[in-house]
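If you count by our numbering, then the sequence shown holds residues 44 to 663, one letter each, in order.
Note that beta-carbon positions come from the ideal geometry of N, C-alpha and C, so glycine has one too.
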Amino acid sequence: MANPYFYNALVNKIDPTIVCWNRLEGRPRSADFSRALKAEVRDALWMISKQRMLGGFKGEDCGSIVSAKIHAKTTGLTKYQSEEGSSKSFPSDIPLEVEVEKQKIPFKSGAQEISLDIRLLMGRQWLKMLDKNQPGLRSFFIDNYTITSPDPNEESHAQVCGHIEVWQKYEAVANRSIDGYRVYQDMKSGVFSSNINIPDGKLEEFNKLANKFIKWFENLYYQPKEDETQAWKPSYLEYQFDCSAPESEKAEKVFTASEYYHGNLDWYNLDISKEKSKIDLTKESKTNQDVRKTFTQTLDPSPIIFPGMPDNRWWTFEDSKTNLGNIKPDTTDINQLMLLDFVLNYSNDWFLVPITFPIGSIVNIEGIVTRNSFGERFWIEPTGQGSDEDWQKWSMFHLNTKGDMDIPSDMSLVLLPVAAKVMEGKPLEEIYLIRDEVANMVWGIESIVQLATGQSKRGKEAALELKAKYEKLFNIIPANNQESQGTVSKNDAKIKYQIVNSVSENWIPFIPVHKAGDRRNIQLQRTAMPRILKGGGNINPPEKIEPRTSILREGLDVDIKEAYFIHEEEIPRSGILVRKTYQRTRWTNGEVFTWLGTRKLVGRGEGNSGLAFDQILSFE
């Protein structure tokens with residue numbers, strides 16, 4: 044049934060009776076809105092009831108940890124051995140990376156003396172010590188150990204005179220400064236260039252002064268001793284060493300590092316070796332110190348707090364400084380997804396128990412006894428126990444055991460005596476090892492080489508300057524000027540046959556060869572390119588181009604030159620980058636250590652040298 048009023052209103056267009064209204068609004072008595080912005084709650088009982096409705100008062104009857112007692116066994120590293128080298132007591136007074144990475148400072152490259160900066164530094168120090176103690180001997184050392192001026196017409200001085208800045212440096216100090224490294228060598232060997240006229244009663248004082256100078260230099264740069272084997276393995280381009288700790292009265296736990304190369308030495312570089320049961324020390328390095336200890340310590344645990352963690356208080360907002368919504372991981376970024384899952388779901392479920400151990404310790408946590416607020420006690424053992432073959436096992440900070448995997452996991456924690464911060468200088472030398480599939484070989488590209496002054500320069504620039512110097516030494520006439528000077532007879536040939544072309548002199552070839560006694564496995568042997576100069580060259584037979592970096596000169600700077608091999612698997616398809624730099628750190632007692640170390644990094648991929656054989660070229 045239709046509504047008559049509604050029908051009448053539509054027909055007669057009756058207007059509504061309410062034609063105006065009023066809005067109720069608060070009128071503040073002041074311009075201060077601080078109290079209004081606080082959003083104060085007047086009914087606390089309503090808030091509590093809402094919290095109860097949402098389950099905020101439902102507990103799990105879990106008490107908080109109030110105390111923890113740790114039972115642990117510790118031992119310490121007592122022996123050190125470079126791979127296949129002599130063993131000695133573990134060096135506890137220096138950082139471990141200094142002992143592992145130390146290398147000899149290169150003072151000679153072939154027949155050319157290098158590192159002039161360090162030679163001058165040593166010479167100035169020795170003259171300063173002489174002027175203070177025995178000034179009458181100054182003239183002897185200036186006459187016998189002075190730095191001589193290089194001869195630009197001598198082939199042996201090409202690495203000096205071929206670079207204008209190196210030649211200028213030598214000319215500036217020639218016949219004015221002494222070679223301190225030669226003085227140091229003669230002091231170590233006990234001989235001098237000629238007899239020194241030392242006044243009566245001054246010989247003992249002079250010997251003390253010489254020993255002081257030797258000690259000064261050896262403290263300035265930490266280097267391996269003459270009879271000491273280095274941990275650097277050139278055939279692997281890695282450091283390899285072993286160290287051990289006593290495990291019982293007769294047994295030792297041996298740790299081995301077979302692939303350390305990235306410059307950050309820590310526990311993950313070590314593996315537990317089952318092939319070695321102990322390290323035998325020499326008689327001079329015997330140690331009977333018992334470093335094994337067992338102790339129980341009570342500590343106060345504290346909950347772990349991290350930025351952005353969910354707050355355990357109701358109606359409490361987390362700190363806005365941590366914007367977890369700004370993290371946008373990919374679907375394959377498992378690490379960030381796991382981190383987000385932990386941050387968003389866990390708050391006060393983890394506790395921290397601080398405990399301090401000395402560096403160089405091997406710690407085995409037998410277990411932790413915890414007591415909660417209800418007085419309950421629990422015995423907690425380390426996680427990750429069981430066989431290494433168990434695929435459901437999960438653990439962190441535990442070492443891998445080399446060899447048989449079907450053995451119980453080793454739960455020890457290793458605290459290596461390493462430096463917290465190491466300062467690294469600019470590369471003294473730098474090489475790239477790349478694969479050249481077209482030429483079927485590997486090239487060692489010297490991108491940064493050390494000049495005779497001790498400074499570094501781009502390898503390609505140094506190679507071009509040295510080649511230009513050889514061309515000038517042997518009076519090579521450029522090809523386009525040979526006909527005008529009558530050195531080449533005129534002919535109508537339009538093509539020429541070239542046996543082999545050349546590459547830049549900073550490219551050192553490595554060719555694959557079979558290992559001795561093996562028909563399948565190969566390794567890479569360093570070879571040499573002939574020095575081909577413009578115009579055909581007047582060197583007969585052609586010289587072999589030798590590398591200028593000490594990294595690639597392995598086996599060349601010895602009395603009997605040795606071949607240098609690199610294991611083929613060490614050069615991946617991506618190539619590798621090897622750098623040699625000076626490094627510096629400060630130890631816990633404030634002592635400063637400076638050493639020369641090498642680091643291996645990932646390369647830039649494959650390359651093409653352009654090397655070609657048996658070519659027909661247009662005659663120009």
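### Three-state class that DSSP yields for Ala606 in the structure shown
Looking at Ala606 - three-state DSSP - the assignment turns out to be coil, as it is neither helix nor strand.
### Query
Starting from Trp422 and walking both ways along the beta strand (DSSP E), at which residues does that stretch end?
Boundaries of the beta strand (DSSP E) around Trp422: 420 to 423.
### Task
Within the segment 388 to 460, note down every full beta strand (DSSP E) run reaching 3 residues or more, in order along the chain.
Correct list: 404 to 415, 420 to 423, 456 to 458.
### Query
Among the residues of its own chain, which have a CB less than 8 Å from the CB of Leu387, if the five just before and after it don't count?
Once the five neighbours on either side are set aside, the close Cβ partners of Leu387 are Pro353, Leu367.
### Message
At a threshold of 7 Å, does Gln124 count as lining the ligand NAD (C-beta to nearest heavy atom)?
### Response
As for the ligand NAD, it is missing from this structure, which has no ligand bound.
### Message
Quick check: the Cα distance between Leu509 and Gly653, rounded to an integer number of angstroms?
### Response
About 21 Å.
### Task
Determine the extent of the alpha helix (DSSP H) in which Ser77 is found, giving its start and end residues.
Looking at the DSSP string, the run of the alpha helix (DSSP H) that includes Ser77 is 77 to 80.
### Query
Residues bridged to Lys623 by DSSP?
The partner list for Lys623 (beta bridge, DSSP) reads Glu472, Thr641.
### Query
Under the DSSP definition of a beta bridge, which residues are partnered with Asp561?
Partner residues in a beta bridge of Asp561, as assigned by DSSP, do not exist.
### Task
Assign Gly205 to one of three DSSP states: helix, strand, or coil.
Coil, per DSSP.
### Query
Would you say His441 faces chain D, with C-beta separation under 8 Å as the test?
Reference to chain D is not applicable here, since this structure consists of a single protein chain.
### Query
By a C-beta neighbour count over all protein chains shown, 10 Å radius and 16 as the cutoff for buried, is Ser278 buried or exposed?
Taking every protein chain shown into account, the CB of Ser278 has fewer than 16 other CB atoms within 10 angstroms, so this residue is exposed.
### Query
Any idea which residues DSSP pairs Val297 with across the strands?
BP columns for Val297 point to Ser287.
### Query
How would you write the range of the beta strand (DSSP E) that Lys116 sits in, first residue to last?
Where Lys116 is concerned, the enclosing beta strand (DSSP E) stretches over 108 to 119.
### Task
Just mark Gly487 as buried or exposed, buried being the case when its beta carbon has 16 or more other beta carbons within 10 Å.
Buried is the call here.
### At least 3 beta-carbon pairs within less than 8 Å: the segment 144 to 162 vs the segment 432 to 444
At 8 Å Cβ cutoff, the stretches do not touch.
#### Entry: Option nearest Ser416 by Cα separation, candidates Ile108, Trp259, Ser129
Closest option to Ser416, Cα to Cα, is Ile108.
### Task
From the DSSP output, in three-state form, read off Gln525 for me.
Unreliable positioning characterises Gln525 in this predicted model, as indicated by a pLDDT of 49, which lies under 50. The coordinate reading is nonetheless provided below. For Gln525, the secondary structure class from DSSP, reduced to helix, strand or coil, is helix.
### Message
Please state whether the Cβ-Cβ distance between Ser125 and Ala274 is less than 8 Å.
### Response
Using a Cβ distance threshold of 8 Å, Ser125 and Ala274 count as a contacting pair.
### Task
Determine the burial state of Arg616: buried for a count of at least 16 other Cβ atoms within 10 Å of its Cβ, exposed for fewer.
Classification for Arg616: exposed.
### Query
In chain order, what residues of the same chain lie with their CB nearer than 6 Å to the CB of Thr117, ignoring the 5 residues before and after it?
Lys336, Ser404, Val406.
### Message
If I follow the unbroken beta strand (DSSP E) through Phe656, where does it start and stop?
### Response
Here the beta strand (DSSP E) through Phe656 covers 656 to 661.
### Query
DSSP state of Tyr311, grouped into three classes?
Tyr311: helix per DSSP, three-state reduction.
### Query
Ordered along the chain, which non-local residues of its own chain (more than five positions away) have a Cβ less than 7 Å from that of Gln379?
Take Gln379, set aside five residues on each side of it, and the residues of its chain with a beta-carbon closer than 7 Å to its own are Ile370, Pro372, in chain order.
### Query
Do you know offhand how far Tyr311's Cα is from Arg167's?
Answer to the nearest angstrom: the Cα atoms are 44 Å apart.
### Message
Which same chain residues end up closer than 7 Å to Lys212 when comparing Cβ atoms and leaving out the 5 residues on each side of it in sequence?
### Response
Correct list, in chain order: Leu159, Thr496.
### Host alpha helix (DSSP H) of Gly223 (start-end)
Annotation for Gly223: the continuous alpha helix (DSSP H) segment containing it runs 223 to 232.
### Task
Find the nearest neighbour of Asp433 within the set Thr121, Thr592, Pro451, judged by alpha-carbon distance.
Scanning Thr121, Thr592, Pro451 for the CA closest to the CA of Asp433 turns up Pro451.
#### Entry: Nearest candidate by alpha-carbon position, reference Val140, set Arg647, His206, Thr641
Strictly speaking, residue 140 in this sequence is Glu, with Val absent from that position. Comparing Cα positions, the closest option is Thr641.
#### Entry: Residue of Phe608, Arg622, Pro460 minimising C-alpha distance to Glu467
Here the closest residue by C-alpha is Arg622.
### Query
Which one or two residues does DSSP pair with Leu342 in a beta bridge?
Ala111.
### Task
Decide if Leu246 is buried, meaning its Cβ has at least 16 other Cβ atoms within 10 Å, or exposed.
It is exposed - the Cβ of Leu246 has fewer than 16 other Cβ atoms within 10 Å.
### Task
Measure the Cβ-Cβ separation of Tyr282 and Val457 and say whether it is below 8 Å.
Taking the C-beta atoms as reference points, Val457 is found no nearer than 8 Å to Tyr282.
### Query
In terms of alpha-carbon separation, which member of Thr272, Ile241, Lys231, Tyr265 lies closest to Ala253?
Distances from the CA of Ala253 to each of Thr272, Ile241, Lys231, Tyr265 were compared; the closest alpha carbon is that of Lys231.
### Query
Rounded to the nearest angstrom, how far is the Cβ of Asp362 from that of Pro350, given a contact under 8 Å?
Rounded, the Cβ-Cβ distance is 7 Å, consistent with contact.
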